[in-house]
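J.: If you want the working numbering, it's the position in the sequence shown, counting the first as 1, plus 1.
For every residue, glycine included, the Cβ atom is placed at its ideal position computed from N, Cα and C.
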Amino acid sequence: MKIFEISIFGFTLAPTYYWLMYALTFLWGMYYIKKLWKYTDSQRESLFFYIFFWVILWGRLWYIVFYNLGAYIADPLSIFKIWEWGMSFHGWALGMSIAVFLFARKYKLKLWNIADDLALIVPLWLFLWRIGNYINKELLWFPYDGFLAVHTAKGSFFPSPLVEAFLEGILLFCILYFISRKKKFNGAVIASFFIFYSLFRSIVEIFIRTPDAQIGYYFWFLSQWVFLSLPMFVFGITLYKYLSRSIK
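1. Counting C-beta neighbours from all protein chains within 10 Å, is the total for P144 16 or more, i.e. buried, or is it exposed?
2. Decide if L125 is buried, meaning its Cβ has at least 16 other Cβ atoms within 10 Å, or exposed.
3. Please return the same chain residues whose Cβ sits closer than 8 Å to the Cβ of I196, not counting the five positions on each side in sequence.
4. Is T153 helix, strand or coil by DSSP?
5. Cα separation between K36 and D42?
6. Put F194 into one of helix, strand or coil per three-state DSSP.
7. Near E165, which residues of its chain fall below 7 Å by C-beta distance, leaving aside the five closest residues on each side in sequence?
8. Sort A24, L172, S245, E139 by Cα distance to F186 and report the nearest one.
9. Which same chain residues, not among the five before or five after G96, have their C-beta less than 7 Å away from its C-beta?
10. Which stretch, first to last residue, makes up the alpha helix (DSSP H) that contains E165?
11. Could you give the distance in angstroms between the alpha-carbon of I115 and the alpha-carbon of S98?
12. Could you tell me which of Y178, R45, Y108 sits nearest to A120, measuring between CA atoms?
13. Going by beta-carbon coordinates alone, are W113 and H91 separated by less than 8 Å?
14. Please report the distance separating the alpha-carbon of Y19 from that of L163.
15. Measure the alpha-carbon distance for K111 versus K155 and round it to whole angstroms.
16. Measure the alpha-carbon distance for M22 versus K183 and round it to whole angstroms.
17. Do you know offhand how far F228's Cα is from L172's?
18. So, helix, strand or coil for S89, using DSSP?
19. For the alpha helix (DSSP H) containing I65, list its first residue and its last residue.
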C-alpha cells in the first residue's frame with residue numbers, strides 16, 4: 002500500500018509502507034551498532050552495505066523460487082520490480098548470514114560476536130514488517146469484527162499480523178535480550194533467534210493466519226513456511242549445542 006503518491010515533472014514518487022519499515026529498521030540498526038564501542042565508523046558503514054546488498058538479493062531470490070516461481074517465469078522482467086515487494090524472510094536470513102560472514106572475514110572479527118549483536122536488531126524489523134502487513138490488510142485469518150479487526154472489501158478479519166508482531170517482535174526481543182545479558186558463550190543469541198523465531202512463526206502459520214494465496218496448504222493445514230522453517234529450527238538447535246561446548 003502506498004503512503005502517498007506525487008508526480009513532479011513526469012517523475013512519480015510513491016513510497017510504500019513496506020519500504021518505510023525497511024528504512025526505519027536500517028536507521029535503528031545503524032543507531033544501535035553505533036552505540037557499541039567495538040566497531041569503527043568505517044566498519045559500521047561497510048557492515049550495513051553488506052547487509053543491505055545481501056538481504057535484498059537473497060530475500061528477493063528466495064521469494065521468487067519458493068513462493069511464486071511460475072509467475073516470474075511467465076514474466077521474467079517482473080523479477081526486477083522490487084518496489085512491488087515480494088520478499089522472503091528465509092532468504093533475508095540467508096543474506097544476513099552471508100553478509101556477516103564476509104564482513105567478519107574482511108575485518109578479522111569474531112563471527113559469533115557480530116551475529117549476536119545483529120540478532121537483537123531483527124525483532125524490531127519483524128515487528129515493523131508485521132505492522133506493515135496489518136496496514137496493508139494482508140496475511141489474515143478468520144472472519145472477525147471486534148477490536149482491531151481488519152476491514153476489507155471481502156469482510157472483516159482477525160488481525161493476525163498484530164499477533165505476529167507481538168510474538169516475532171516484542172516477545173522474541175525480550176527473550177533474546179535476556180539471553181544476551183546472561184549468555185555464557187558467543188553465538189548463544191543468534192542460535193536462540195533461529196530456534197524461537199522458527200517456533201513462533203510456525204505457530205502463527207498453523208493456527209492464526211492463512212498461507213500465501215498462490216501456494217495454499219500442504220496436507221490441509223501446513224504452509225510452505227512451516228516446511229521451510231524446519232531446517233532453521235534444526236540448525237538453531239544444532240548450532241546452540243555445538244557452540245555451548247566452549248563452556249565445558
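T.: With the given structure in hand:
1. Around the beta carbon of P144, fewer than 16 other beta carbons lie within 10 angstroms, which makes this residue exposed.
2. Buried, since its Cβ has 16 or more Cβ neighbours within 10 Å.
3. F234, G237, I238, Y241.
4. Correct three-state label for T153: strand.
5. Cα to Cα, the separation comes out at about 11 Å.
6. Of the three classes helix, strand and coil, the one that applies to F194 here is helix, per DSSP.
7. A distance below 7 Å between beta-carbons, with the five flanking residues on each side excluded, links E165 to the following residues of its chain, in chain order: R131, V205.
8. Selected option, being the one with the closest Cα: S245.
9. Within the same chain, and ignoring the five residues on either side of G96 in sequence, the residues whose Cβ sits closer than 7 Å to its Cβ are W55, V56, L58, W59, G60.
10. Residues 161-165.
11. CA-CA distance, I115 to S98, rounds to 10 Å.
12. It is Y178.
13. With respect to the 8 Å criterion, W113 and H91 are not classified as neighbours on the basis of their beta carbons.
14. Between the alpha carbons of Y19 and L163 lies a gap of roughly 15 Å.
15. K155 has its alpha-carbon roughly 51 Å from the corresponding atom of K111.
16. M22 and K183 have their C-alpha atoms spaced approximately 30 Å apart.
17. Roughly 23 Å separates the two Cα atoms.
18. Of the three classes helix, strand and coil, the one that applies to S89 here is coil, per DSSP.
19. Boundaries of the alpha helix (DSSP H) harbouring I65: 42-68, taken from the DSSP string.
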